[in-house]
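In this note's numbering, the protein residues as written are 52 to 291.
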Ligand SMILES: C[S@@+](CC[C@H](N)C(=O)[O-])C[C@H]1O[C@@H](n2cnc3c(N)ncnc32)[C@H](O)[C@@H]1O
């Protein structure tokens with residue numbers, strides 16, 4: 052348990068939303084170490100092409116599969132020609148992107164007319180946990196540019212002329228100790244995040260299914276929001 056990148060249920064749903072098809076061209080925006088494209092090629096070895104872009108050379112240099120093309124680049128200025136991608140993925144990256152509208156309009160530009168965008172993002176579950184969730188994330192990840200909710204993501208897509216074709220939320224377990232150990236934060240910051248968990252409102256603890264372990268850790272549920280959306284031309288072209 053712990054690291055979501057390796058969580059099988061999150062990966063399975065990511066692939067289900069991507070719905071890989073033979074010959075399709077895939078783009079992973081903010082691909083990190085390329086975990087999704089690697090898994091995609093396992094289930095769909097006949098994928099047309101796979102491109103991983105990320106601002107961090109250090110992250111994409113860890114991609115060793117030669118079938119995955121790598122490019123150091125920014126989500127707001129995607130290094131691809133127009134209409135050359137069938138499915139673009141943004142998994143747990145949008146909170147780092149300064150200008151989300153620019154990013155989504157870039158994705159729209161590079162997508163083929165029948166292409167789709169897939170977003171996978173940890174969000175609050177609902178209005179009841181949103182406030183405390185934002186408090187925790189603000190302290191835990193100060194480099195975040197956004198604290199995105201399902202409603203924020205839907206509105207981002209709609210105002211950029213996408214149509215939502217599928218949307219779901221699932222629970223994925225996280226260990227507080229594991230989460231706190233993943234970044235080199237100060238002791239003070241870690242203690243603050245732990246204190247925010249211990250002092251969380253009962254409703255927050257209930258929604259996130261808090262469980263105190265014998266090792267003095269807290270295991271809780273994260274909410275993963277997945278959305279698949281298509282360009283406006285999708286319906287008219289595929290109806291032909
Ligand atoms: C939490 S990781 C997610 C990795 C991957 N998407 C996954 O699901 O395994 C976020 C990644 O986004 C990258 N990133 C942050 N800001 C970015 C931007 N503006 N454009 C492209 N990548 C960015 C980071 O370097 C990091 O590798």
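Glycine included, every Cβ here is placed at the ideal spot set by N, Cα and C.
Pick helix, strand or coil for residue i, following the three-state DSSP scheme.
i           : result
residue 65  : helix
residue 133 : coil
residue 185 : helix
residue 267 : coil
residue 98  : coil
residue 126 : coil
residue 258 : helix
residue 177 : coil
residue 161 : helix
residue 120 : strand
residue 151 : helix
residue 140 : strand
residue 223 : strand
residue 93  : helix
residue 72  : coil
residue 192 : coil
Does any heavy atom of ligand 1 sit closer than 8 Å to the C-beta of residue i?
i           : result
residue 234 : no
residue 107 : yes
residue 148 : yes
residue 94  : no
residue 276 : no
residue 238 : no
residue 125 : yes
residue 142 : yes
residue 104 : yes
residue 98  : no
residue 82  : yes
residue 116 : no
residue 13  : Past the boundaries of the shown model lies residue 13; the chain is included only from 52 to 291, so the question cannot be answered.
residue 171 : yes
residue 67  : no
Measuring CB to CB, does residue i end up less than 9 Å from residue j?
i           : j           : result
residue 124 : residue 150 : no
residue 55  : residue 273 : yes
residue 67  : residue 139 : no
residue 115 : residue 95  : no
residue 217 : residue 142 : no
residue 277 : residue 221 : yes
residue 148 : residue 208 : no
residue 58  : residue 185 : no
residue 198 : residue 243 : no
residue 204 : residue 268 : no
Out of the options, state which residue places its alpha-carbon closest to the alpha-carbon of residue i.
i           : options            : result
residue 113 : 261, 96, 83, 91    : 83
residue 77  : 119, 178, 115, 58  : 119
residue 284 : 67, 213, 182       : 213
residue 133 : 107, 233, 147, 165 : 165
residue 75  : 259, 152, 163, 250 : 163
residue 181 : 267, 251, 92, 263  : 251
residue 254 : 275, 61, 183       : 183
residue 240 : 153, 202, 193      : 193
residue 101 : 109, 108, 206, 92  : 92
Could you tell me the distance, in whole angstroms, from the CA atom of residue i to the CA atom of residue j?
i           : j           : result
residue 130 : residue 144 : 17 Å
residue 64  : residue 103 : 19 Å
residue 247 : residue 187 : 6 Å
residue 282 : residue 169 : 12 Å
residue 81  : residue 270 : 27 Å
residue 86  : residue 111 : 10 Å
residue 230 : residue 126 : 25 Å
residue 171 : residue 61  : 9 Å
residue 257 : residue 176 : 11 Å
residue 201 : residue 275 : 10 Å
residue 137 : residue 70  : 11 Å
Less than 9 Å between CB atoms is the rule here; does residue i satisfy it with respect to chain C?
i           : result
residue 240 : Within the model displayed, chain C is absent; a lone protein chain is all it includes.
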